[in-house]
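Chemist: Taking our numbering, the leading residue of the sequence shown gets 2, the next gets one more, and so forth. Dumping the structure here so I can ask a few things about it.
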Amino acid sequence: MNTFLQEVARDLIAKYGNDLAHIAIVFPNKRASLFLNQELAKLSDGPIWSPSYITISELFRQQSDLTVADPIKSLCVLYKAYIEKTGRNETLDDFYGWGQLLLADFDDIDKNMADADKVFRNIRDLHELDAIDYLTEAQKAELSRFFANFTGDSSVLKERFLSLWSKLYDVYSDFKAKLQAEELAYEGMLYRDVIERNSIPNRYDTYVFVGFNVLQEVEQKLFLALKKEGKARFYWDYDHYYLKATNEAGIYINKWFDKFPNEFDAENKLYNCFEQEKEVRYISAPTENLQARYISEWLLENNRYQAGKRTAVVMCNEALLQTVIHCIPTEVDLLNVTTGYPLSQTPITSMVWQLIALQTEGYSVQEGAYRLQHLSHVLRHPYGKYLNIDAANLLAELKAEKQYYIKVERTRLKHVGTPVTALVAWLSDMVRTIAINGTENDDQLFQESTFRMYTLLNKLLELMKEGDLIVDFVIFRRLFSQLIASTSIPFHGEPARGVQIMGVLETRNLDFDNVLLLSCNEGNMPKGVNDVSFIPHFVRKAYGLTTIDNKVAIFSYYFHRLLQRAKHVTLLYNNSTQGTKTGEMSRFMLQLLVESKLNIKQWALQAGQEPMQLTTPIIGKDEVVLNKLNHISYFSPTAINTYQSCQLKFYYKYVAELLESDDNDEDDVDGRVFGNIFHCAAQLMYERLLPREVITRENIEYVLKTGKSAQSPTTGNATATMSDVVSEAFAQELFLQKPGSTKHPKLNGLQLINQEVIEKFLRQLLRIDARTAPLRVIRHEFDVYKTITIDVNGKKKAISVGGRIDRLDEVKLGTAQEQLRVVDYKTGNKVAGQLKDVEAIFDSKKILTDKSDYIFQAVLYSIIEQTEDADNNPNHKHVSPALLFIQHANADDYSPILTLGGKPITNAMVYADDFDNFLKNKLEEIFVKETFEPTADLKMCILCPYRQLCGR
């Protein structure tokens, strides 16, 4: 079976011979010209003078002195006209979306040669229809149906509509005048200008119009004018199957046969292909991706891919492009992609957004510096290495220093302030720098995407400098986002070779033997068939403008024409319902099932594999694991508690050494940082504000009342304040400044709140200590250890256990209740429970319910302090473990000293033997037990960083 273009080529040569130099072939789009030219070369019996190939859009543009304005320019000019004529104050960002609708309405009016004054006339009352003698009765009926809704109704909404309606003609006129003054036009305006000036093409002897369907009024008038001069020839592509009155696909073709006679005879076998024998399959699939994955099987089936350009994969949903490309089998060596790759999905777009963020929220005016979080995103980006700033080394330095604010001069990325033009110009320079420095990158996507981005930024910059585009930073970001979303990058390839990957519109005039149509769902085919417009449906219909019915008819023609000469047709659709999208096959597919005589098979795709279920592993202690274990000679309370809570977590953290990332570029105060700041501030408070030897109730009350130091002038801390202490703690723990420095960046809102909470907690700590005064704080933040010998398979192994004590103090000095305490500060909300005995401390079930891990650490430190610390407790005084929960210490009888079996622990050594035995057994279990097993309590897994490894 010959294709439509083969028959056109044969007929042209038969009628005009090999000299086609004075003929122009006019297509609806450009792609078909490549295929027709190839067919002419094949059919010619010798050298041939090729005709000129132009699109209908190019034909009109050749006849006008006006230039079609860039879409952004058009919208900016329209926005100016709208603001001036309506007096409204919408921002360009608000206007952008429906400004496109308004522009489309104006374009439709001009292409259909409608009288804009009459279309936008303010008809406030049905009685006005009586005076409209220029309308037909049918038009009056349509208008009556619409404006009847407004009769006698004075609601605000309808008044606003009528008010806006009355201004639209003024906007339309002023918009066109502004463009005309710059010798610019939108497409419909240019088309209308050509027709109204009767600027009929005369460059060629004959104009051959090939494969048109819907013709707008301007196109009809052009065709008629050329036909009248004997210069026009027409080739219509259709099938008798859908010329029936019951099928909307043939509505337009049927209209043109009398006006514009077909060069082919109606009985040409070319037009009787639709219901000839062909393989047609409907395949449902539960997901879009599953449809794309079917491509590989379909192309390899019967070696369809070897048919090259006679095989097409057509996407009703072009968002599938990336998935489709990845699903092409390796056997396909030639591929032509006609749809564009979204600019929004390229690395250069993410880089530009990171640069915008760096210059806006990433810049601190107070510090005159960039925030580490935003700068790191730029430096880590794959294109960061092309910015002439030695990104890798700078990033390494910043990671080591952990400075949250980096001076602009150090980054060599200058800060640009207002106006927005400065930012856009800088972004353009950055993209240009990336493009130049990345020239050795032999990646066409890199080259094309950077070029497109550079061009887009320069267009915006030019419009801003000319005063057409006036925006602030917020509006610029939104507008820029919308522009990027509508920009795509064309693929390079040989259009007339290889398997064709296409959108629906690119299939016009082309015939294929094998067609795979993806996502052929209602909503995708037909696509965008709605009446979203400023001009209501009834008004559009009355004045002959494009309506939803027209759009459906156009897509119906595309659908049926694509299938009419194909031998193997497979149509896939998504049969699942997600949100507002229904899994319904296209209405055209249903129509084929009902009306055609085709033998249509219906299949269903199902995923060939079940979702992989991760099973929680049990790690055996092989030689490698045992070797790692044997190298561990120190256990902190945290490590032991980790083992008790989950053996598998202990393995990941301490044996496999899969450590959590500490790459935190944000200056946020999370729970860990908050605790560190409090610990530091508490230590500084006792060192700077209170006496070193004995602290009395009066000393504490003075600090609480004044916020100033109670130390004597000779200590050098007499001028210190509570604010100084907190500020220095923030500088050290959050901003990683050296001890003694209170200089840090200005705190943001959340940090200020945390600062107030820290000070509140410090005051609460002082009030708690006042109850046990006089007291002496012996030492803050120091390490204690002890050695335990365990039996590992008959061999002795020495293990060091211990860690850092928050505070060692002695309270109620000079009284019978005098007590030495190991104090552990707790700023969290969860309080430790009351445990029965030492065995309960080692019960893993108590970790979540009673915070037994807190108790374990405090008791361990107390035992070590009482027996091992000759420096701070040389006389081995009795030691009490104390957990000081700052948030729960308001009661007057509150005591932080731990209890076991309801009795306060006043002498840790009373429990030392039992504690040491349980601890020794636990340590031996770590080395001797054959496996590391996951916890049975899934609540332990909720916040575990390794939960994904376990499949939990």
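All residues carry an ideal CB built from backbone N, CA and C; glycine is no exception.
State the beta-bridge partners of Pro882 as determined by DSSP.
Modeler: Stepping through the sequence shown from its first residue, residue 882 is reached at position 881. Looking at the DSSP assignment, Pro882 forms a beta bridge with Val823.
Chemist: In this structure, what does DSSP give as the bridge partners for Lys232?
Modeler: The sequence position of residue 232 within the sequence shown is 231, counting from 1. DSSP, once it has assigned bridges, lists no residue as partnering Lys232.
Chemist: Could you check whether Lys310 and Gln445 sit closer than 8 Å to each other, using their CB atoms as the reference points?
Modeler: For the purposes of this step, residue 445 is taken as the residue at position 444 of the sequence shown. For the purposes of this step, residue 310 is taken as the residue at position 309 of the sequence shown. Their beta carbons are not under 8 Å apart, which means Gln445 does not touch Lys310 by this criterion.
Chemist: Would you decide whether Ile619 is buried or exposed? Buried here means 16 or more other CB atoms lie within 10 Å of its CB.
Modeler: Position 618 of the sequence shown, counted from the first residue, corresponds to residue 619. Under this definition Ile619 is an exposed residue.
Chemist: What does DSSP give as the partner residues of Glu811 in its beta bridges?
Modeler: Sequence index remark: in the sequence shown, residue 811 carries index 810 (1-based). The partner list for Glu811 (beta bridge, DSSP) reads Arg777 and Leu821.
Chemist: Given 8 Å as the limit, is there contact between the stretch 854 to 874 and the stretch 800 to 819, that is, 3 or more CB pairs closer than that?
Modeler: Cβ pair count under 8 Å is three or more, so yes.
Chemist: Output yes or no for whether 8 Å exceeds the beta carbon distance between Glu188 and Asp108.
Modeler: Position 187 of the sequence shown, counting from 1, holds the residue named residue 188. Position 107 of the sequence shown, counting from 1, holds the residue named residue 108. Yes; because the gap between Cβ atoms is below 8 Å, this pair is in contact.
Chemist: Enumerate in chain order the residues of its own chain whose CB-to-CB distance from Lys622 is below 8 Å, with the five nearest sequence positions on each side excluded.
Modeler: Your numbering for residue 622 matches position 621 in the sequence shown. Result list for Lys622: Leu630, Lys930, Glu931, Thr932 and Phe933, in chain order.
Chemist: Cα-Cα, which of Ala640, Phe28 and Ile856 is closest to Leu885?
Modeler: Position 884 of the sequence shown, counting from 1, holds the residue named residue 885. The shortest C-alpha separation from Leu885 is found at Ile856.
Chemist: Cα separation between Tyr236 and Tyr208?
Modeler: Working through the sequence shown from its first residue, we reach residue 236 at position 235. Working through the sequence shown from its first residue, we reach residue 208 at position 207. So the alpha carbons of these two residues sit roughly 11 Å apart.
Chemist: Just the C-alpha distance for Ser577 and Ser45, rounded to the nearest angstrom, thanks.
Modeler: Position 576 of the sequence shown, counted from the start, is the residue given in the question as residue 577. Position 44 of the sequence shown, counted from the start, is the residue given in the question as residue 45. Ser577 and Ser45: Cα-Cα distance of roughly 51 Å.
Chemist: With Gly708 as the anchor, note down where its alpha helix (DSSP H) starts and where it stops.
Modeler: Reading the sequence shown from its first residue, position 707 is the one you call residue 708. Here Gly708 belongs to no alpha helix (DSSP H), and DSSP marks it neither H nor E.
Chemist: Classify Arg808: buried if its beta carbon has 16 or more other beta carbons within 10 angstroms, exposed otherwise.
Modeler: On the sequence shown, residue 808 is found 807 positions in, with the first residue counted as 1. The residue in question, Arg808, is buried, as its Cβ has 16 or more Cβ neighbours within 10 Å.
Chemist: Three or more beta-carbon pairs under 8 Å between the stretch 215 to 224 and the stretch 110 to 117, yes or no?
Modeler: With the cut-off at 8 Å, the stretch 215 to 224 and the stretch 110 to 117 touch.
Chemist: Report yes if the C-beta of Ala423 is less than 7 Å from at least one heavy atom of the ligand SAM; otherwise report no.
Modeler: The ligand SAM is not part of this structure, which contains no ligands at all.
Chemist: Since Met503 is in the beta strand (DSSP E), which residue starts that stretch and which ends it?
Modeler: Looking up residue 503 in the sequence shown gives position 502. Start and end: Val500 to Gly504.
Chemist: Excluding the 5 residues flanking Tyr558 on each side, which residues of the same chain have their C-beta closer than 6 Å to its C-beta?
Modeler: On the sequence shown, residue 558 is found 557 positions in, with the first residue counted as 1. Hits under 6 Å: Asn214 and Ala250.
Chemist: Between Met465 and Val409, what straight-line distance do the alpha-carbon atoms span, to the nearest angstrom?
Modeler: By 1-based counting over the sequence shown, the position of residue 465 is 464. By 1-based counting over the sequence shown, the position of residue 409 is 408. Approximately 27 Å between the Cα atoms of the pair.
Chemist: Given this structure, state the Cα-to-Cα distance separating Phe928 from Ala392, to the nearest angstrom.
Modeler: Position 927 of the sequence shown holds residue 928. Position 391 of the sequence shown holds residue 392. The straight-line gap from Cα to Cα measures roughly 45 Å.
Chemist: With distance defined between alpha-carbon atoms, name the residue in Arg562, Ser482 and Asp550 nearest to Val505.
Modeler: Taking the sequence shown and counting its residues from 1, the one referred to as residue 505 is at position 504. The shortest Cα separation from Val505 among Arg562, Ser482 and Asp550 belongs to Arg562.
Chemist: Since Leu518 contacts Val333 with CB under 8 Å, what's their CB separation in whole angstroms?
Modeler: Translated into the one-based positions of the sequence shown, residue 518 becomes position 517. Translated into the one-based positions of the sequence shown, residue 333 becomes position 332. About 18 Å separates the two Cβ atoms, so there is no contact after all.
Chemist: Going by DSSP in three states, Tyr97 sits in which element: helix, strand or coil?
Modeler: Locating residue 97 in the sequence shown gives position 96, where the first residue counts as 1. Note: Tyr97 maps to helix in three-state DSSP.
Chemist: Express the C-alpha separation of Val553 and Leu376 in angstroms, rounding to a whole number.
Modeler: For the purposes of this step, residue 376 is taken as the residue at position 375 of the sequence shown. For the purposes of this step, residue 553 is taken as the residue at position 552 of the sequence shown. Taking the straight line joining both Cα atoms gives about 50 Å.
Chemist: Whole angstroms are fine: how far does the CA of Ala859 sit from the CA of Ala833?
Modeler: Indexing the sequence shown from 1 puts residue 833 at position 832. Indexing the sequence shown from 1 puts residue 859 at position 858. Looking at the two C-alpha atoms, the distance is approximately 11 Å.
Chemist: Out of curiosity, what's the CA-to-CA distance linking Met910 and Lys787?
Modeler: Reading the sequence shown from its first residue, position 909 is the one you call residue 910. Reading the sequence shown from its first residue, position 786 is the one you call residue 787. Near 14 Å, if we compare the C-alpha coordinates of Lys787 and Met910.
Chemist: For Ala186, which residues does DSSP report across the bridge?
Modeler: Residue numbering aside, residue 186 sits at position 185 when the sequence shown is read from its first letter. Answer is Val69.
Chemist: Could you give the distance in angstroms between the alpha-carbon of Gln63 and the alpha-carbon of Tyr283?
Modeler: Looking up residue 63 in the sequence shown gives position 62. Looking up residue 283 in the sequence shown gives position 282. Their Cα atoms are separated by approximately 45 Å.
Chemist: My parser needs the alpha helix (DSSP H) runs of 4 or more residues fully inside the stretch 467 to 534; what are they?
Modeler: As far as the stretch 467 to 534 is concerned, its whole alpha helix (DSSP H) runs of at least 4 residues are 474 to 486.
Chemist: At which residue ranges does the stretch 418 to 476 contain complete alpha helix (DSSP H) runs of 4 or more residues, listed in the order of the chain?
Modeler: Fully enclosed alpha helix (DSSP H) runs of 4 or longer: 421 to 438 and 445 to 466.
Chemist: Under 8 Å between the Cβ atoms of Phe560 and Met526?
Modeler: Taking the sequence shown and counting its residues from 1, the one referred to as residue 560 is at position 559. Taking the sequence shown and counting its residues from 1, the one referred to as residue 526 is at position 525. In contact: Phe560 and Met526 (Cβ atoms closer than 8 Å).
Chemist: Going by other Cβ atoms of all chains shown within 10 Å of its Cβ, with 16 needed for buried, is Trp604 buried or exposed?
Modeler: Along the sequence shown, read from residue 1 onward, the residue named residue 604 stands at position 603. Trp604 comes out exposed.
Chemist: Apart from the five residues on each side of it in sequence, which residues of its chain come closer than 7 Å, Cβ to Cβ, to His327?
Modeler: As a working mapping, residue 327 is identified with position 326 in the sequence shown. Within the same chain, His327 has no close Cβ partners at all.
Chemist: Hey, how far is the Cα of Lys923 from the Cα of Ser646?
Modeler: The residue you call residue 923 lines up with position 922 of the sequence shown. The residue you call residue 646 lines up with position 645 of the sequence shown. Cα to Cα, the separation comes out at about 12 Å.
Chemist: Can you list, in chain order, the residues of its chain with a C-beta nearer than 7 Å to that of Ala370? Leave out the 5 residues immediately preceding and following it.
Modeler: Locating residue 370 in the sequence shown gives position 369, counting from the first residue. Closer than 7 Å at Cβ, skipping near neighbours: Tyr406, Ile407, Lys408 and Val409.
Chemist: Measure the alpha-carbon distance for Lys761 versus Thr419 and round it to whole angstroms.
Modeler: Mapped onto the sequence shown, residue 761 falls at position 760. Mapped onto the sequence shown, residue 419 falls at position 418. Approximately 41 Å, taken between the alpha carbons.
Chemist: Quick check on Ser634: does DSSP put it in helix, strand or coil?
Modeler: Taking the sequence shown and counting its residues from 1, one reaches residue 634 at position 633. Here Ser634 sits in coil by DSSP.
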